Every structure is written in C-alpha cells, then in structure tokens.
Amino acid sequence: MKKIVLFGDSLLTGVMNGETSDILATYIIDELTEMDFPGYSLVKLGKRGESSSDGLARINEAVEAEGDFVVISFGTNDSLKQKNPVDVFGDNIEEMLESFDASKVILLTTGYINTEIMTAGNNERQQLYAEKAKQIAEKVGVNVIDLYHHMTVYPKPNEFVQKFDGIHPSEEGYHFLGALIARDIKEKLLAEG
Numbered sequence: 001m002k003k004i005v006l007f008g009d010s011l012l013t014g015v016m017n018g019e020t021s022d023i024l025a026t027y028i029i030d031e032l033t034e035m036d037f038p039g040y041s042l043v044k045l046g047k048r049g050e051s052s053s054d055g056l057a058r059i060n061e062a063v064e065a066e067g068d069f070v071v072i073s074f075g076t077n078d079s080l081k082q083k084n085p086v087d088v089f090g091d092n093i094e095e096m097l098e099s100f101d102a103s104k105v106i107l108l109t110t111g112y113i114n115t116e117i118m119t120a121g122n123n124e125r126q127q128l129y130a131e132k133a134k135q136i137a138e139k140v141g142v143n144v145i146d147l148y149h150h151m152t153v154y155p156k157p158n159e160f161v162q163k164f165d166g167i168h169p170s171e172e173g174y175h176f177l178g179a180l181i182a183r184d185i186k187e188k189l190l191a192e193g
C-alpha cells in the first residue's frame, strides 16, 4: 500500500469546530479512489499551532515516514501569530523541501482568512507568505498548490472557511483541498507512467 504523508500545521489535521478530524484524509483517499488510484494510506503528521520553525525542528518525522508522496503545509501560524518573518519562513520551507525527492512533494501555500471572524488575520500578509512559498517551490522544483489563489478566485471565499474560527476550511473547503491534493498526486502518477 502506498503512503501519503501529511506534514504541517492544523490545516492538515482536519480541524472542524475546534477538534481534529479525518475529514481531509477521507476526502483525499476518496478522490484518489474515484480517479482509479485506490490503495493509499495516510500518515498524519500535522500539529496544531506550529510555525515553519516548529516543522523544521521535526522534519525527521516526515522523512522517516518514507511516504510515496509528502504534502507540506506551513505558514499560517508564521503569518497570523507573526512567529517568523516571511524570509525566515522561506528559508525554513526550502530546508524542509530539500529533505525529500522533489518528485514526491506537494507544497500548500497559506490560505484565505475570514477576517470578519478572525480579526487578527491579515490576508495581505497571508498572500505574502503564499507568494514566498511559490517562489521557494519553483526554486527547488516541487509542485505547489496555491491555496490562497484557489480560495480567492471565487466570489464568496468565506464559504471555504469555517464560521467557527474563520481560518480552517469548512466541509466544502476540505473537500476542495482534498480534490486539489488528489489531482496533483494523480498528475505525478501519470507522469511516472
């Protein structure tokens, strides 16, 4: 059975109404199965509240999991809690990405925040972190899902985030994210032949 490692902050823990869940993992597996790529298991290494520095400190967990694919997502806590300036975030992400074979990695950017609910949020800052992640992904040669862009091209991006906290994806948002991750894995598998 092939393994997908989810390594990151609370986005990858499937937080719903303040509690971790299997929602994202289920959507990824379901989407892959529907696309005729069954037989995947997920290793969930997401931790709530982590910055890119926290992730870098435990990168060996993700490496030792030996995933066929690795999904990496950090940045919202760097941005929201201002734990790391954007350049430090970029350096941390680059070092993480270099720990893996580039063909196995999918990097997620920071997403959109409903600032009416999460008033400490700043979408201009979220976008800066998303842009930095995209620059690093291009430099290192890994796939990137620009979550911020995907969420904001729709007229009502607030539908993609929970009313509970304004940060984590809603059920629709997790379904969307699961589909984006599954699509990237499918493309990687098709490229392998």
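Per the numbering used here, residue 1 is the first one in the sequence shown, and the count goes up by one each step.
Backbone N, C-alpha and C fix where the C-beta goes; we use that ideal spot for every residue, glycine too.
Model, not experiment: these values are computed from the prediction.
C-beta contact flag for residue i and residue j at 9 Å
| i | j | result |
| --- | --- | --- |
| Met16 | Tyr174 | yes |
| Asn92 | Phe74 | yes |
| Leu42 | Ala62 | no |
| Gly8 | Glu50 | yes |
| Ile4 | Ile185 | yes |
| Glu95 | Leu32 | no |
| Ser103 | Lys83 | no |
| Leu80 | Ile167 | yes |
| Thr13 | Arg48 | yes |
| Leu11 | Pro169 | yes |
Range covered by the beta strand (DSSP E) that runs through residue i
| i | result |
| --- | --- |
| Leu12 | Leu12 -> no beta strand (DSSP E), and no H or E assigned at all. |
| Ile106 | Val105 to Leu108 |
Residue i to residue j span [Cα, whole Å]
| i | j | result |
| --- | --- | --- |
| Lys188 | Asn77 | 29 Å |
| Glu98 | Pro85 | 20 Å |
| Pro157 | Tyr148 | 10 Å |
| Leu24 | Glu171 | 9 Å |
| Thr115 | Gln135 | 25 Å |
| Gln127 | Ile72 | 17 Å |
| Ile117 | Glu159 | 13 Å |
| Gly39 | Ile29 | 8 Å |
| Val161 | Ala65 | 30 Å |
| Ala179 | Thr26 | 11 Å |
| Asp101 | Asp165 | 35 Å |
| Asn123 | Lys132 | 14 Å |
| Val142 | Gly193 | 18 Å |
| Tyr129 | Asp87 | 9 Å |
| Glu34 | His150 | 22 Å |
| Phe37 | Leu190 | 10 Å |
Identified DSSP bridge partners for residue i
| i | result |
| --- | --- |
| Pro169 | Val161 |
| Lys3 | Ser41 |
Span of the alpha helix (DSSP H) around residue i
| i | result |
| --- | --- |
| Ile93 | Val86 to Leu97 |
| Asn77 | Thr76 to Leu80 |
| request: Output the residue ranges of the beta strand (DSSP E) runs that lie fully inside the stretch 124-161 and measure 3 residues or longer, sorted by chain position. | output: 143-145
| task | Could I get the ranges of all uninterrupted beta strand (DSSP E) runs contained in the stretch 5-73, with 3 residues as the minimum, in chain order? | result | 40-46 and 69-73
| field | Sequence ranges, beta strand (DSSP E) only - wholly within the stretch 169-193, length at least 3 | value | none
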